[in-house]
Amino acid sequence: MNDAADAIAALGRRGRLHWAEALPWFAGLAVFFVFPGYLAFGTQVLISILFALSLDLILGYAGIVTLGHAAYFGFGAYAAGMLSAHLGWNEPLSGLVFAGVVAGGFGFVTGLILLRYHGLALIMLTLAQAIMLQEFANVAEGWTGGFDGLMGINISPIFGIFDNDLWGKHYYLYALAVLFLCFIVVRLLTHSPLGASLVGVRENTQRMHAVGSPVYWRLVAVYTVGATLAGIAGGLFAQSNSFVTLDVLSFARSGTVLIMLVLGGTGRLYGAFLGTTVYMIIEDRLAKASPDLWELGVGIGLVLAVMFFRGGLMGLIDRLAARSGARP
Amino acid sequence: MGDVLVATVSIAFDGFAYAMLLFMISVGLSVTMGLMGFVNLAHGAFAMAGGYVLVSLMNSLGVPFLPALVIAAIVVAVFSVPFERVLYRPLYRASELEQVLLSIGLVYIAVGGITYIYGPQPPHIALPSFLEGMIDLGFKSFPAYRVFVIVIGLVTALGLWLGLERTIAGARIRAAVDNRRMAQSVGIKVDRLFMLTFALGSGLAAVGGGLAINILGLNPRFAFIYLVFFLIIVVVGGMGSVRGAFFAAILLGIIDTGGKYLWPEGGAFFIYVVTMAILLVRPQGLFGKPA
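Chains as they are written, first to last, in my numbering: chain A, 19 to 346; chain B, 3 to 293.
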């Protein structure tokens, strides 16, 4: 009896908020006031953070290795874009909900099929699925605009007041608010019994089967949530840029989000924040100046991360904190 | 001869030449992945390295085409060994995610490094005169170079098949692919076998990369562009199966070529439809053993 109570208390403590968890949000607000010239770029960083966060849920927590997560980002981007360009529905918030629901529905249906597979077959199926979708979007020019991109997206002001201004002020706050809401959902989810059972599946699938956990349906559930969040990120991308190209579905996008997440640290939630921000800032500085050195650097960084720093930047912070004696 | 027949023969011929390139590059990947189950996305980097070594040998040192092709294969095979020992080996027991990340990292390094050294422009090499022009096979003339590629591909396939089926080393490789632990326990040195297979596979990939210069074109992004194709051949054919890689390469080569002739915008779509259909029905691939 006591043991059970202790265990419940320990689980409760794990879900408790730590003061450091407020840091990213303070940083996000500080950027708004300190770097007003970088808000358009900042919006794209926030969108990528949300995308990486959605991947962290299915890869970091549930351990589903996917090379095709851009499928859901792109699905959401095209859904939000086409809603405005073809149907003339320009209200942004409902457009975002639409993007999330459509991408989530697609994630549920594809998850039902994909999650029956494991290992290399699963990796290849996710990869093939995303590229297939990209090729399909290329062919379906009437809907997607094909290779030229989807034009004619004309989003009305948020709440009828805040338009997409030249400096990206409104959209930066819009993206920050959406990220915050999505983050709350993800944090609650990962600290729920569902989240705990997902970690169980990641660490030892057979044992979870043995204790009677409905492994397959848990995975489908988290995959659907991950796809929904990726779709919302894609919808934000379409709305903020007023333009969608085939690139949203590309293998490069699936790979990049994976690299950003791993750089920050998987299964940590905040790894998505740290990795994405660091990656995109360095990319912004270096990639245009010398793309070959940037790629060389990404490659060396990845190899070093796999060989020596398996926890990514968050793992590094943990180790430094442990060395200085403080318990994070 | 009717137009339809001409088109069919052209697609089959070009598709087959393309398939032989894909086969030579992918077969080593298939066998090494079958041996160690290592998810390796970086195999195309060895093909690319082979292509660039060939370019340097021919354009800077003036080595003729055929000897340069052989030297490039040997150079890449030798250089692949330290890669396998230092980078791949510690990760044989690691998760698929770590293997994917390490090998993607190697692709980035290869792409960035080769762009840095050679620049982003596709290189050119001068073919020997006997490989230029056409060969008349009675009913139709074919480009000599593609005929040459097909012959090399078929000879490679035959050689690998004989090597695997008729030699002791081949029997050991088959045993290790079937059941690595059992093979180890009867005294087969799987570790050393793997190193040799890795070197041979990288050397063959280098030949494929060298031959690809005048068919697919070579540029520093080669390892990225064809990464997915090489993996598709391995998984559709079935890991560890030379026969599987051969037929998967033909399937993919002909579908891709046919798609480009018949429906240029949408041709690539079919490759992924077929890949997904095959994997959904047979996750282990056409010739792979069930997991």
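Cβ coordinates follow ideal geometry from the N, Cα and C atoms, glycine included. Every value quoted in this text rests on a predicted model; they were computed, and no experiment measured them.
_With a threshold of 6 Å on Cβ separation, who are the neighbours of Val149 of chain B within its own chain once the five nearest residues in sequence on each side are excluded?_
Ile137
*Listed by chain order, chain A residues near Tyr147 of chain B by CB distance under 7 Å*: Those do not exist, as Tyr147 of chain B stays about 29 Å from chain A at its closest Cβ, beyond 7 Å.
*Name the one or two DSSP bridge partners that Ser143 of chain B has.*
B:Asp138
*Could you tell me if Arg286 of chain A is buried or exposed, where buried requires 16 or more neighbouring beta carbons within 10 angstroms of its beta carbon?*
buried
*Does the segment 252-272 of chain A touch the segment 296-316 of chain A, meaning 3 or more C-beta pairs lie closer than 8 Å?*
no
*Show which residues of chain B have a CB atom less than 9 Å away from the CB atom of Asp302 of chain A.*
Within chain B, no residue comes near Asp302 of chain A; the closest Cβ sits about 17 Å away, beyond 9 Å.
*How many Å lie between Thr199 of chain B and Tyr228 of chain B at the Cα?*
22 Å
_Could you tell me the alpha carbon to alpha carbon distance between Glu267 of chain B and Val113 of chain B, rounded to whole angstroms?_
27 Å
*Within chain B, partners of Asn156 of chain A - CB distance below 9 Å*: Glu267, Gly268, Ala270, Phe271
_Short CB-CB distance (under 9 Å) between Glu153 of chain A and chain B_ = yes
*Assigned secondary structure, Phe327 of chain A (DSSP; H/G/I helix, E/B strand, else coil)*: coil
*Starting from the N-terminal side, write out each stretch of the alpha helix (DSSP H) that is 4 residues or longer and does not extend beyond the segment 279-320 of chain A.*
288-304
*By the 10 Å Cβ neighbour count, where 16 or more other Cβ atoms means buried, how is Leu322 of chain A classified, buried or exposed?*
exposed
*Helix, strand or coil for Phe53 of chain A per DSSP?*
coil
*asked:* For the structure I just gave you, are there three or more beta carbon pairs, one from the segment 112-130 of chain A and one from the segment 86-102 of chain A, closer than 8 Å?
replied: yes
*In terms of alpha-carbon separation, which member of A:Tyr79, A:Ile299, A:Thr84 lies closest to Ser66 of chain A?*
A:Ile299
*Note down, in chain order, every chain A residue with its Cβ under 8 Å from the Cβ of Ile170 of chain B.*
Within 8 Å Cβ-Cβ: nothing; Ile170 of chain B doesn't reach chain A, min ~29 Å.
*In angstroms with no decimal places, state the Cα-to-Cα distance between Trp312 of chain A and Glu301 of chain A.*
7 Å
*In chain A, which residues lie with their C-beta within 7 Å of the C-beta of Met278 of chain B?*
Leu143, Ala146, Gln147, Met150
*Pull up the distance between the alpha-carbon of Ile179 of chain A and that of Glu98 of chain B, whole angstroms please.*
48 Å
_CB contact flag (Thr208 of chain A, Leu64 of chain A, <9 Å)_ = no
_chain A contact residues for Tyr94 of chain B, given Cβ-Cβ distances below 9 Å_ = Those do not exist, as Tyr94 of chain B stays about 13 Å from chain A at its closest Cβ, beyond 9 Å.
*My understanding is that Ile106 of chain B touches Phe232 of chain B, with C-beta atoms under 8 Å, so please give their C-beta distance in whole angstroms.*
About 14 Å separates the two Cβ atoms, so there is no contact after all.
*Buried or exposed: where does Arg337 of chain A fall if 16 or more other Cβ atoms within 10 Å of its Cβ makes it buried?*
exposed
*From Pro66 of chain B to Met60 of chain B, what distance separates their C-alpha atoms?*
6 Å
*How is Leu160 of chain B classed by DSSP in three states: helix, strand or coil?*
helix
*Give a yes or no on whether the C-beta atoms belonging to Ala79 of chain B and Leu56 of chain B are separated by under 9 Å.*
no
*asked:* Within a Cβ cutoff of 8 Å, which residues of the same chain sit near Leu73 of chain A, ignoring the five residues on either side of it in sequence?
replied: Thr84, His87, Gly244, Ala248, Val275, Leu276, Leu279, Ala290
*Of all Cβ atoms in chain B, is any one closer than 9 Å to the Cβ of Leu105 of chain A?*
no
*Distance between Val209 of chain B and Val33 of chain B (C-alpha atoms, nearest Å)*: 17 Å
*Where does Leu85 of chain A fall in DSSP's three states?*
coil
*Answer with buried or exposed for Met100 of chain A, where buried requires no fewer than 16 other C-beta atoms within 10 angstroms of its C-beta.*
buried
*On the three-pair Cβ rule with 8 Å, is the segment 238-250 of chain B touching the segment 148-165 of chain B?*
yes
*By how many angstroms is the C-alpha of Thr162 of chain A removed from the C-alpha of Leu212 of chain A?*
37 Å
*Just how far apart, CA to CA, sit Pro346 of chain A and Phe327 of chain A?*
Here Pro346 of chain A scores only 44 on pLDDT, less than 50, and its place in the model should not be relied on; the value that follows carries that caveat. Pro346 of chain A and Phe327 of chain A: Cα-Cα distance of roughly 18 Å.
*Name the one or two DSSP bridge partners that Phe180 of chain A has.*
A:Ile176
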